[in-house]
Amino acid sequence: MYPVPVAGVRELLVTSGSTMAAAEVARQMSEGARNLSLSGHVGFDSMPDQLVNKSVCQGFCFNILCVGETGLGKSTLMDTLFNTRFEGDPAAHNQPGVHIKSNNYELQESNVRLKLSIVNSVGFGDQINKEESYKSIVEFIDAQFEAYLQEELKIKRTLHNYHDSRIHVCLYFIAPTGHSLKSLDLVTMKKLDSKVNIIPIIAKADSISKNELQKFKIKIMSELVSNGVQIYQFPTDDETVAEINGTMNAHLPFAVVGSTEEIKIGNKMMKARQYPWGTVQVENENHCDFVKLREMLIRVNMEDLREQTHARHYELYRRCKLEEMGFKDTDPDNKPFSLQETYEAKRNEFLGELQKKEEEMRQMFVMRVKEKESELKEAEKELHDKFDRLKKLHQDEKKKLEDKKKSLDDEINAFKQRKTAAELLQSQAQQSGSQQTLKRDKERKNFF
Ligand code: GTP
Ligand code: MG
Numbered sequence: 084m085y086p087v088p089v090a091g092v093r094e095l096l097v098t099s100g101s102t103m104a105a106a107e108v109a110r111q112m113s114e115g116a117r118n119l120s121l122s123g124h125v126g127f128d129s130m131p132d133q134l135v136n137k138s139v140c141q142g143f144c145f146n147i148l149c150v151g152e153t154g155l156g157k158s159t160l161m162d163t164l165f166n167t168r169f170e171g172d173p174a175a176h177n178q179p180g181v182h183i184k185s186n187n188y189e190l191q192e193s194n195v196r197l198k199l200s201i202v203n204s205v206g207f208g209d210q211i212n213k214e215e216s217y218k219s220i221v222e223f224i225d226a227q228f229e230a231y232l233q234e235e236l237k238i239k240r241t242l243h244n245y246h247d248s249r250i251h252v253c254l255y256f257i258a259p260t261g262h263s264l265k266s267l268d269l270v271t272m273k274k275l276d277s278k279v280n281i282i283p284i285i286a287k288a289d290s291i292s293k294n295e296l297q298k299f300k301i302k303i304m305s306e307l308v309s310n311g312v313q314i315y316q317f318p319t320d321d322e323t324v325a326e327i328n329g330t331m332n333a334h335l336p337f338a339v340v341g342s343t344e345e346i347k348i349g350n351k352m353m354k355a356r357q358y359p360w361g362t363v364q365v366e367n368e369n370h371c372d373f374v375k376l377r378e379m380l381i382r383v384n385m386e387d388l389r390e391q392t393h394a395r396h397y398e399l400y401r402r403c404k405l406e407e408m409g410f411k412d413t414d415p416d417n418k419p420f421s422l423q424e425t426y427e428a429k430r431n432e433f434l435g436e437l438q439k440k441e442e443e444m445r446q447m448f449v450m451r452v453k454e455k456e457s458e459l460k461e462a463e464k465e466l467h468d469k470f471d472r473l474k475k476l477h478q479d480e481k482k483k484l485e486d487k488k489k490s491l492d493d494e495i496n497a498f499k500q501r502k503t504a505a506e507l508l509q510s511q512a513q514q515s516g517s518q519q520t521l522k523r524d525k526e527r528k529n530f531f
């Protein structure tokens, strides 16, 4: 039997040629679809298997961010959770600020491959001034969203084999003070809650008594609620896990103990911490919530954490970022806005701004030139005045010198005249003297 064309669909296809948007057509098509029964096996019931095979082939990726003060047992808990020893050098704790360290690992369980990233906030809580401690963590989370968004916006996208580094869960380690949350914890969780799924855990829960632990858990939850911190809630909409998730939500924050040390208890080797007064078994639910955490984080809700990251946190980041870039879904009259129109509008706005800036710069340039011109004219006038002043000074000086020269020339001439007269007198005197000598010589000769 062949499926009969659905009347509603045919009608819609006719209208789709005109102005109807493709999404609207698709919606109406699905609304107008009729249920038909098959008279034999077709094969599309294998779709879930196909999906599973494809996913197994591709492998999965999961990124965990561990935030908590130094030495709260973050690395030990990761080793305990994944039943392995993640190599990694101990970080220095004398840094001026918090820095983020990310390590990637490939794990395999049965035939399922997991690309696991463990991101640590090194030096968190080590500083005297802790005001900015959350910043590098927020920046790191945003940077991973930004990288994904950039990949999405590319013309040639390779999202199918893109290494997704977005953080799927933040395990927030609370110190087992038995008192209350520190302001650093509240501020950090508040800054992170719209960006990542937060699961709060009480670290080193073996150092707090049973009664105190219950009170501490209640105190923490009430402080989170009163400060409006949104932590991750295990989903209860899927009925297969609704019951267990609902129960576990009431156990938050999980009080955990970590250890990679295996101790023989009875005839079994178990992960435990040994003390002079007894042994804390990590996987014993009467001792701590480690098993609850592992079940919730890995076995039951890993996929939901990945989904929430994409559908809630990344979506929020993407929306804010695109709005910041000027993209909108609707215009001011609430009419749908296409990406093309938004782009054109943004481009025109940008070109308008560019022209305005160009005009402003041109006017500024003309003004500057005018200012410079008048400054130069002023300087030229000053130079001319100075030149005139100097010229006059020079002329006066010259005239004075000429007068002096003239009077000196006159003096020289007078002197010369006097000198000539004196020489004349002197020669006349000499002449008369020699004539008298001759006369006396003659008289003497005549005498003898
Ligand atoms: P940094 O990376 O230096 O910030 O430390 P960390 O938070 O990774 O702590 P790490 O796992 O290195 O553990 C620090 C110390 O705490 C080690 O001596 C662990 O053996 C101990 N430790 C870890 N988990 C627990 C726990 O659950 N209870 C107790 N009592 N000690 C623990
Ligand atoms: Mg560590």
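Position in the sequence shown (from 1) plus 83 gives the number in this note's numbering. The C-beta atom is built at its ideal place from N, Cα and C for all residues, glycine as well.
Exercise. Could you tell me which of G126, F145 and P131 sits nearest to E386, measuring between CA atoms?
Key: Distance from the Cα of E386 is smallest, within the candidate group G126, F145 and P131, for F145.
Self-check item: Local Cβ density within 10 Å of S342, reported as buried at 16 or more and exposed below that
Solution: Its Cβ being crowded by 16 or more others within 10 Å, S342 is buried.
Quiz prompt | Inter-residue Cα distance where the pair is E189 and P283 | solution = About 26 Å.
Practice problem: Tell me, please, whether the segment 371-382 touches the segment 257-274 by the rule of three or more beta-carbon pairs shorter than 8 Å. | Solution: A contact is defined here as three or more CB-CB pairs under 8 Å, and the segment 371-382 fails this definition with respect to the segment 257-274.
Quiz item: For the 8 Å Cβ check, are there 3 or more pairs between the segment 321-333 and the segment 231-250?
Solution: Touching, no, given that fewer than three Cβ pairs across the two stretches are closer than 8 Å.
Practice problem: Round the Cβ separation of C253 and V279 to the nearest angstrom and send it over; I've been treating them as touching at under 8 Å. | Solution: Right, their Cβ atoms sit about 5 Å apart.
Quiz item: In this structure, what does DSSP give as the bridge partners for V40?
Solution: Any property of residue 40 remains undetermined from this structure, which presents the chain solely from 84 to 531.
Self-check item: DSSP state of E398 mapped onto helix, strand, coil
Solution: The answer is helix: DSSP assigns E398 an H, G or I state.
Quiz item: Does DSSP classify N186 as helix, strand or coil?
Solution: Strand.
Exercise. Return helix, strand or coil for S457, following the three-state DSSP convention.
Key: The answer is helix: DSSP assigns S457 an H, G or I state.
Quiz item: Taking 7 Å as the line, does the beta carbon of K157 fall inside it for any heavy atom of the ligand MG?
Solution: Checking every heavy atom of the ligand MG against the Cβ of K157, one is found closer than 7 Å.
Practice problem: Name the residue from L264, I281, F317 and D289 whose alpha carbon lies nearest to the alpha carbon of E306. | Solution: E306 has its Cα closest to that of L264, out of L264, I281, F317 and D289.
Self-check item: Inter-residue CB distance, F228 and R249 (contact presumed, cutoff 8 Å)
Solution: The C-beta distance from F228 to R249 rounds to 6 Å, short enough to meet the 8 Å contact threshold.
Quiz item: Would the C-beta of T153 count as close to the ligand GTP, meaning under 7 Å from any of its heavy atoms?
Solution: Under cutoff, so the answer is yes.
Quiz item: Once you ignore the five residues that flank L388 on each side, which residues in its own chain have a CB closer than 6 Å to its CB?
Solution: Cβ neighbours of L388 within its own chain (closer than 6 Å, five residues either side excluded): H251, V252 and N280.
Quiz prompt | M506 - partner residues in DSSP beta bridges | solution = Residue identity differs from the one stated: residue 506 is Glu in this sequence, not Met. As computed with DSSP, E506 is found in no beta bridge at all.
Quiz item: Under 8 Å between the Cβ atoms of G151 and K287?
Solution: Not a contact, by the Cβ cut-off of 8 Å.
Self-check item: Extent of the continuous beta strand (DSSP E) to which Y255 belongs
Solution: According to the DSSP assignment, Y255 belongs to the beta strand (DSSP E) that extends over V252 to I257.
Practice problem: Could you tell me whether the Cβ atoms of K198 and N186 are closer together than 8 Å? | Solution: Inclusion of K198 and N186 in the CB contact set at 8 Å is not warranted, their separation being larger than that value.
Quiz item: Does the beta carbon of D320 fall short of 7 Å from some heavy atom of the ligand GTP?
Solution: Checking every heavy atom of the ligand GTP against the Cβ of D320, none is found closer than 7 Å.
Quiz item: Among all the DSSP beta bridges, which residues are the ones paired with E345?
Solution: K354, per the DSSP bridge assignment.
Self-check item: Check whether E366 and M353 have beta carbons under 8 Å apart
Solution: Note that the C-beta distance between E366 and M353 is below 8 Å.
Self-check item: alpha helix (DSSP H) segment containing Q297, residue limits
Solution: Its alpha helix (DSSP H) spans residues K293 to S309.
Quiz item: Buried or exposed: which applies to R527, given that a residue is buried once 16 or more other Cβ atoms fall within 10 Å of its Cβ?
Solution: Looking at its Cβ environment, which holds fewer than 16 other Cβ atoms inside 10 Å, R527 is exposed.
Practice problem: Tell whether a beta-carbon distance below 8 Å holds between V363 and V339. | Solution: Cβ atoms of V363 and V339: not closer than 8 Å.
Quiz item: Leaving out five residues before and five after D524 in sequence, what residues of the same chain have Cβ atoms less than 6 Å from its Cβ?
Solution: For D524, where only same-chain residues beyond five positions count, there are no Cβ hits under 6 Å.
Quiz prompt | Range of the contiguous alpha helix (DSSP H) that encloses G329 | solution = Residues E322 to N332.
Quiz item: Which residue comes first and which comes last in the beta strand (DSSP E) that contains L119?
Solution: No beta strand (DSSP E) contains L119, which DSSP labels as neither H nor E.
Quiz prompt | Cβ-Cβ distance between T163 and G208 below 8 Å | solution = No, the Cβ-Cβ distance between T163 and G208 is not below 8 Å.
Quiz item: How big is the Cα-Cα spacing for K453 and E465?
Solution: C-alpha separation (whole angstroms): 18 Å.
Self-check item: CA nearest to the CA of S290, picked from Y358, A325 and K351
Solution: Between S290 and the set Y358, A325 and K351, the nearest pair of CA atoms involves Y358.
Quiz item: Across which residues does DSSP place N146 in a beta bridge pair?
Solution: BP columns for N146 point to S200.
Quiz item: Can you name, in chain order, every residue of its own chain whose Cβ lies under 6 Å from the Cβ of Q178, other than the five neighbours on each side?
Solution: So the qualifying residues of the chain are G206.
Quiz item: CB of R356 to nearest heavy atom of the ligand GTP: below 7 Å?
Solution: Yes; taking the cut-off as 7 Å, the Cβ of R356 has a heavy atom of the ligand GTP nearer than that.
Practice problem: Go to V363, then tell me how far its beta strand (DSSP E) extends in each direction, as first and last residue. | Solution: Membership of V363 in the beta strand (DSSP E) is indicated by the continuous run G361 to Q364.
Quiz item: Assuming N212 contacts K273 under a Cβ cut-off of 8 Å, what Cβ separation, rounded to an integer in Å, is found between them?
Solution: About 18 Å; that fails the 8 Å criterion.
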